[in-house]
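Quick mapping for you: the protein sequence lines, in order, are chains A and B. Here our numbering is used: the first residue of the first sequence is 1295, the next is one more, and so on. Here our numbering is used: the first residue of the second sequence is 871, the next is one more, and so on. By construction, the Cβ of each residue, glycine as well, lies at the ideal position given by its N, Cα and C atoms. Written out below as structure tokens is the structure these notes cover.
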Amino acid sequence: MRAICTALTIAALAACSSTPTSEQPPAGVEDRPPSATQPGAQTQGVQRPPVAGVDLTAGKKAAPSPLTDPGSILSRRSIYYDLDKYDIRDEFKPLVEAHARYLRDNRSAKMLIQGNTDERGSREYNLALGQRRAEGLKKMLMLLGAQEAQVEAVSLGEEKPRAEGQNETAWAQNRRSDILYAGEY
Amino acid sequence: MRRLLAALAILFLSGAAQAQLAIEITGAGAQRIPIAIAPFPGEASLSAMISTIVRADLERSGLFRGIEVPPIVPPPTEATDVQYTDWRARLADALVLGSVARRPDGRFEARFRLFDVVKQTPLGGIAYTLNREQARATAHRIADYVYEKLTGERGVFSTRIAYVVKRGNRYELQIADADGAGEETALASFEPIISPAWSPDGRRLAYVSFENKKPVIYVHSLLDGKRHVAANFKGSNSAPAWSPDGSRLAVVLSRDGGSQIFLVNPDGSGVRRLTQSASIDTEPVYSPDGQYLYFTSDRGGSPQIYRMPANGGDAQRVTFEGSYNVSPRVSADGRKLVFITRNDGKFQTALLDLATRQMQVLTDSDRDESPSIAPNGRMILLATVLGGRGMLSAVSADGRVKQRLSVSAGDVREPAWGPFIQ
């Protein structure tokens, strides 16, 4: 239904409602190609004007971005932490190195790092701890060649948990830094 | 429990069940003053029953016990001759009589008088002019008067509280009377709102909103709803605290790297850095005399509370017991510190006497956060998580009286108790 609505919206520039009403424009009246229509022979309804389309995507393929290609390490965007800690565990170093390389090779690329914590303890302290995690990651990216102006480190503290549970499994998922590139935030 | 049910019943009648805080009292002071509050003849014409609210206020403090008043004919008012022996026989130590009358201008006049039944003497009274809708506010004023006359300290029934309710993906910063009634939404957002802080005059709130996808400090005028950015630098902007004279905010910025404490004027001008550490420094609060800032820092390896001069300088460590002490708040007399301490993985509210260094854990909760001290120092409002759901609770500074305030179908957090009404 949504797809139909979208199509109608684009075709008619009309507001889309999930409840069909009698005010909706009737669909094409005749199921014939325009060339088959004879002037004067038309006796019913309103002629739907033809639309001459332009397809910019024809014959081209959108280049897959390495940032979102599931086969690229750059599509991995999260780093996880131990309780109360902000140091980056060894298992995440290849990921950090890959993103640093990307920033080095694409000087116009901009990155936002969002630091997160689990939900226990003070919200403000957790905001600071998330900041510490994000900045620790930023520092490592810069040591590996990223420029200061390319990376902003912010904290979401405990405010945006990825996992909602009240257990260590959920908390471990929420002690995390996320990497976002311009256009993704 | 009876009170909770009564509150719920009122909620359903008013159709506002999703919003208002319901209060459950789970403890009481050792000695409660038995007080009789007779119905005020004429109060039924108002939007709320004054005598009922006065009684509920006083009982909620944990310092009073309301005495049931049988129907008396003719109903007594503040102008009636008091039959002290009758009230003594009902075991009342104190008595409130009053009345409500319509004025020629269409407004109302509420009068009351407070009596000491034991000494058989009137203690005073006041007359208020009010609109029909001002019954609740008037009742809170009367409760404040009675409370102060009988306990010697100011009442907080006329004060307001701010808190954040999360319902689904919606966050609402709400302002309510200290009893949880009459809530109004100051800000609704699809992004988190944390750390509301009342200006000393009670007219403005500073808070942290994530509406721009990162923490930014706003100052919001409650009278006209106008708000402006007080700090929006690169990185995080958070933990606003007003100086006692309202002229400055202590804030936490990460613009220079690391979370550090800065001063800023409430209009956003005059930023100045106060701490210079390589550690986390956050949650600043002023001492009531404005001379010091208490704050949380992990400079010693674990988060602990420190104190430094309000214009910066050397910090002294204040908490030593345990490996996690955060969210400091200073009592109005400057002598006590309330904070959250971690005990065996449980986060509980603690009180430290700054002179004797005596520390007392006031709650047996698993997950306390964000304590806020009533302006008279008697109660501490805090957020706690029970069964995965956030609610507010209150505990008296001696740990005896406990209350729970919950919103049905919502997570409540980040309470802040407002100042005395001037």
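{"query": "Three CB pairs or more closer than 8 angstroms across the stretch 953-971 of chain B and the stretch 908-926 of chain B", "result": "yes"}
{"query": "Alpha-carbon to alpha-carbon, residue 1276 of chain B and residue 1013 of chain B", "result": "23 angstroms"}
{"query": "Supposed close pair residue 1282 of chain B, residue 1272 of chain B - CB separation, criterion 8 angstroms", "result": "Their Cβ separation, rounded to whole angstroms, is 16 angstroms, which puts residue 1282 of chain B and residue 1272 of chain B out of contact at 8 angstroms."}
{"query": "Residue 1240 of chain B classed as buried or exposed, judged by whether at least 16 other C-beta atoms fall within 10 angstroms", "result": "buried"}
{"query": "Nearest-angstrom Cα separation, counted from residue 1070 of chain B out to residue 1467 of chain A", "result": "40 angstroms"}
{"query": "Three-way DSSP call (helix, strand, coil) for residue 927 of chain B in this model", "result": "helix"}
{"query": "Beta-carbon proximity of residue 1237 of chain B to residue 1414 of chain A, cut-off 8 angstroms", "result": "yes"}
{"query": "Whether residue 1177 of chain B touches residue 1162 of chain B by CB criterion (8 angstroms)", "result": "yes"}
{"query": "Contact check, residue 1049 of chain B vs residue 926 of chain B, beta carbons under 8 angstroms", "result": "yes"}
{"query": "Which residues DSSP lists as bridging residue 1033 of chain B, in chain order", "result": "B:1044"}
{"query": "7 angstroms CB neighbourhood of residue 1084 of chain B in its chain, flanking five on each side removed", "result": "1106"}
{"query": "Segment limits, beta strand (DSSP E) that includes residue 967 of chain B", "result": "964-972"}
{"query": "Environment of residue 1096 of chain B [buried if 16+ CB atoms lie within 10 Å]", "result": "exposed"}
{"query": "C-alpha gap between residue 909 of chain B and residue 1280 of chain B, whole angstroms", "result": "35 angstroms"}
{"query": "Contact residues within the stretch 979-1005 of chain B, judged by C-beta distance below 7 angstroms to chain A", "result": "none"}
{"query": "Cβ pair residue 1122 of chain B, residue 1154 of chain B closer than 8 angstroms", "result": "yes"}
{"query": "Contact set for residue 1246 of chain B: own chain, Cβ-Cβ below 6 angstroms, skip 5 residues either direction", "result": "1023, 1024 and 1026"}
{"query": "is_contact[residue 1239 of chain B, chain A] using C-beta, thresh 8 angstroms", "result": "yes"}
{"query": "Contacting residues, own chain, Cβ-Cβ under 6 angstroms from residue 1230 of chain B (five flanking each side not counted)", "result": "1221"}
{"query": "Option in B:1060, B:1046, B:1093 and B:1109 with minimal Cα separation from residue 1076 of chain B", "result": "B:1109"}
{"query": "Helix, strand or coil at residue 1016 of chain B according to DSSP, with G and I counted as helix", "result": "helix"}
{"query": "Residue interval of the beta strand (DSSP E) (run including residue 1216 of chain B)", "result": "1216-1223"}
{"query": "Through-space distance from residue 1147 of chain B to residue 1213 of chain B, alpha-carbon basis", "result": "27 angstroms"}
{"query": "Residues that residue 1166 of chain B contacts on chain A, provided the C-beta gap is smaller than 9 angstroms", "result": "1416, 1418, 1419 and 1422"}
{"query": "Opening and closing residue of the beta strand (DSSP E) in which residue 994 of chain B lies", "result": "991-1000"}
{"query": "Reduced DSSP category for residue 1428 of chain A - H, G, I as helix; E, B as strand; rest coil", "result": "helix"}
{"query": "Cβ pair residue 1032 of chain B, residue 1066 of chain B closer than 8 angstroms", "result": "yes"}
{"query": "Contacts that residue 1084 of chain B makes with chain A (C-beta to C-beta distance below 7 angstroms)", "result": "1448"}
{"query": "Cross-chain neighbours of residue 1475 of chain A in chain B, by beta carbon under 7 angstroms", "result": "Here the premise fails: no neighbours, minimum Cβ distance about 14 angstroms."}
{"query": "Rounded distance between the beta-carbons of residue 1412 of chain A and residue 1456 of chain A, thought under 8 angstroms", "result": "About 10 angstroms separates the two Cβ atoms, so there is no contact after all."}
{"query": "Where residue 1476 of chain A sits in the DSSP three-state scheme", "result": "coil"}
{"query": "3 or more residues per run - each beta strand (DSSP E) lying fully within the stretch 1339-1381 of chain A", "result": "1372-1374"}
{"query": "Cross-chain neighbours of residue 1109 of chain B in chain A, by beta carbon under 7 angstroms", "result": "1418"}
{"query": "Integer-rounded CB distance, given that residue 1136 of chain B should sit under 8 angstroms from residue 1166 of chain B", "result": "Rounded, the Cβ-Cβ distance is 23 angstroms, inconsistent with contact."}
{"query": "Buried versus exposed, by CB contacts within 10 Å (16 or more), residue 990 of chain B", "result": "exposed"}
{"query": "Helix, strand or coil at residue 1102 of chain B [DSSP, three-state]", "result": "coil"}
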